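Residue numbering for the sequence shown follows UniProt numbering, beginning at 1 and increasing consecutively.
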Amino acid sequence: MTLQKRRAEDQAVKDAPSKRANSSSATPAPAGKKQSSLLAWAKPKQAAEPSATTTTAAADDSTTIVRAKPDILKALSDDKKELLQLEQDTMDATWLRALQTELTKPYFFELKKFLKQEELDKKTIFPPQADIYSWSRFTPLPNVRVVILGQDPYHDFNQAHGLCFSVKKPVRPPPSLVNMFKLLEKDAPGFQIPGHGYLETWARQGVLMVNAAMTVQAHKANSHKGRGWEKLLDAVIKTINEQRRNVVFLLWGKDAQSKGALINKTKHLVLQSVHPSPLSAHRGFFDCQHFSKANKYLEESGLTPIDWNSLIGDTS
1 MTLQKRRAED QAVKDAPSKR ANSSSATPAP AGKKQSSLLA WAKPKQAAEP
51 SATTTTAAAD DSTTIVRAKP DILKALSDDK KELLQLEQDT MDATWLRALQ
101 TELTKPYFFE LKKFLKQEEL DKKTIFPPQA DIYSWSRFTP LPNVRVVILG
151 QDPYHDFNQA HGLCFSVKKP VRPPPSLVNM FKLLEKDAPG FQIPGHGYLE
201 TWARQGVLMV NAAMTVQAHK ANSHKGRGWE KLLDAVIKTI NEQRRNVVFL
251 LWGKDAQSKG ALINKTKHLV LQSVHPSPLS AHRGFFDCQH FSKANKYLEE
301 SGLTPIDWNS LIGDTS
């Protein structure tokens, strides 16, 4: 062996421990993620949403939670994989994991076949496909502190985006949301009515806002009622009831109140009133104090109250 080669080998041995130490402490680069064609055409034009593969703060303001997304398509036939691709791509990882058994039940495949036929028949469906499960991405399961239930999405253009009662900017707040704001003026100290009806800042604080029917045909209210979405909502409520504690459920109107039977009232707080619709709000909604009662319960449970006035500072 030549002297030059000997020196090179000696130097390599000397450098090895340093290289191993640097290698073990390095942070691997994140793998690239291929965006589906669905999300490419249907991505909401709002502020950036949380990724469906969730990295989020826990509801008790403690450590960061990271949830890997399960593959719910793995054991399915090709036709069923196609039906559930939207859920795999756009549902938050924590909710996808909690609901994966529900999503593969016969009724849900029938619902997805119905929606596919609506699409083939050139029906306009709201919200856009990528927004149907935005409630899950804005409010992952570990973050849920308050639940507000709606009926079905708004059925006009540029309104529905997956959060019940909420509308995209710059659409003016619909009448039910206006009445919610009127209650907040009385019930939440310092609340100012915002110039929009986009409730994202509530959702990010842990207010889960979800409709009983998660889709609707354009200009046809309740057109997707009874197709199977209500069973999925039941599964959502049961999951919260079982896996979370000290959640406030705001049940407005008879349809929402019927879900109260799924909730353990010794573990959670259930508040009931008439619906905020102009047809019923005058029968007690404006005096129900639900927003202040929700925060009082959260504080007494050692949890951070909701900043209902956060909408006024939302510049997204």
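Built from N, CA and C at the ideal position, the CB exists for glycine as well. Small disclaimer: the values here were computed from a predicted structure and weren't measured.
request  = Just confirm the distance between the C-beta atoms of residue 158 and residue 171, as a whole number of angstroms; I'd bet it's less than 8 Å.
outcome  = The residue you call residue 158 lines up with position 158 of the sequence shown. The residue you call residue 171 lines up with position 171 of the sequence shown. The pair is a contact, with the Cβ atoms about 6 Å apart (cut-off 8 Å).
ask   = If you measure from the beta carbon of residue 198 to each beta carbon in chain B, is any gap under 8 Å?
value = Here there is only one protein chain, and chain B is not present.
message = Restricting to Cα atoms, I'd like to know which of 276, 308, 251 and 106 is closest to residue 203.
response = Taking the first residue of the sequence shown as 1, we reach residue 203 at position 203. Comparing Cα positions, the closest option is 308.
key: Secondary structure of residue 310, DSSP reduced to three states   = For the purposes of this step, residue 310 is identified with residue 310 of the sequence shown, where counting begins at 1. Correct three-state label for residue 310: helix.
inquiry  = I'd like the ranges of any beta strand (DSSP E) spanning at least 3 consecutive residues and lying wholly in the stretch 120 to 201.
reply    = 146 to 150
query = Thinking C-beta only, is residue 209 closer than 8 Å to residue 132?
reply = Position 132 of the sequence shown holds residue 132. Position 209 of the sequence shown holds residue 209. Not closer than 8 Å, so no.
key: Simplified DSSP assignment, three categories, for residue 103   = Counted from its first residue, the sequence shown places residue 103 at position 103. Helix, per DSSP.
query = Smallest Cα separation from residue 227: which of 144, 73 and 116?
reply = Against the sequence shown, residue 227 aligns to sequence position 227. Residue 227 has its Cα closest to that of 116, out of 144, 73 and 116.
inquiry  = With three or more beta-carbon pairs closer than 8 Å as the criterion, would you say the stretch 185 to 198 touches the stretch 283 to 296?
reply    = yes
inquiry  = Please report the distance separating the alpha-carbon of residue 32 from that of residue 181.
reply    = For the purposes of this step, residue 32 is identified with residue 32 of the sequence shown, where counting begins at 1. For the purposes of this step, residue 181 is identified with residue 181 of the sequence shown, where counting begins at 1. Because residue 32 carries a pLDDT of 38, less than 50, the predicted location of this residue cannot be relied on, and the following value inherits that uncertainty. Using only the alpha carbons, I get a separation of about 42 Å.
task = Quick one: residues in its chain with C-beta nearer than 6 Å to the C-beta of residue 194, no 5 flanking neighbours on either side, listed in chain order?
result = Numbered from its first residue, the sequence shown carries residue 194 at position 194. Cβ neighbours of residue 194 beyond the five flanking positions: 311 and 312.
ask   = How many Å lie between residue 45 and residue 168 at the Cα?
value = Sequence index remark: in the sequence shown, residue 45 carries index 45 (1-based). Sequence index remark: in the sequence shown, residue 168 carries index 168 (1-based). The predicted position of residue 45 is uncertain, since its pLDDT is 41 and thus under 50; no value can be drawn from it.
inquiry  = Between the stretch 140 to 148 and the stretch 106 to 126, can you find at least three pairs of beta-carbon atoms closer than 8 Å?
reply    = no
request  = With DSSP as the reference, please indicate the residues paired to residue 217 in a beta bridge.
outcome  = Numbered from 1 along the sequence shown, position 217 holds the residue referred to as residue 217. DSSP output for residue 217 lists 125 and 220 as bridge partner(s).
ask   = To the nearest angstrom, how far is it from the Cα of residue 248 to the Cα of residue 221?
value = For the purposes of this step, residue 248 is taken as residue 248 along the sequence shown, with counting starting at 1. For the purposes of this step, residue 221 is taken as residue 221 along the sequence shown, with counting starting at 1. One C-alpha to the other measures close to 28 Å.
key: Straight-line gap, residue 166 to residue 99 (C-alpha atoms, nearest Å)   = The residue given as residue 166 occupies position 166 in the sequence shown. The residue given as residue 99 occupies position 99 in the sequence shown. Their Cα atoms are separated by approximately 24 Å.
request  = Quick one: using the 10 Å Cβ neighbour count with 16 as the cut-off for buried, is residue 152 buried or exposed?
outcome  = For the purposes of this step, residue 152 is identified with residue 152 of the sequence shown, where counting begins at 1. It is buried - the Cβ of residue 152 has at least 16 other Cβ atoms within 10 Å.
Distance, residue 94 Cα to residue 163 Cα = For the purposes of this step, residue 163 is taken as residue 163 along the sequence shown, with counting starting at 1. For the purposes of this step, residue 94 is taken as residue 94 along the sequence shown, with counting starting at 1. The straight-line gap from Cα to Cα measures roughly 18 Å.
With 16 other Cβ atoms within 10 Å as the buried cut-off, status of residue 245 = Against the sequence shown, residue 245 aligns to sequence position 245. With fewer than 16 other Cβ atoms within 10 Å, it is exposed.
key: residue 265 to residue 250 span [Cα, whole Å]   = As a position in the sequence shown, residue 265 is number 265, starting the count at 1. As a position in the sequence shown, residue 250 is number 250, starting the count at 1. Approximately 13 Å between the Cα atoms of the pair.
inquiry  = Would you say the beta carbon of residue 271 is closer than 7 Å to some non-hydrogen atom of the ligand ADP?
reply    = With respect to the ligand ADP, the structure shown offers nothing to examine, as it has no ligands at all.
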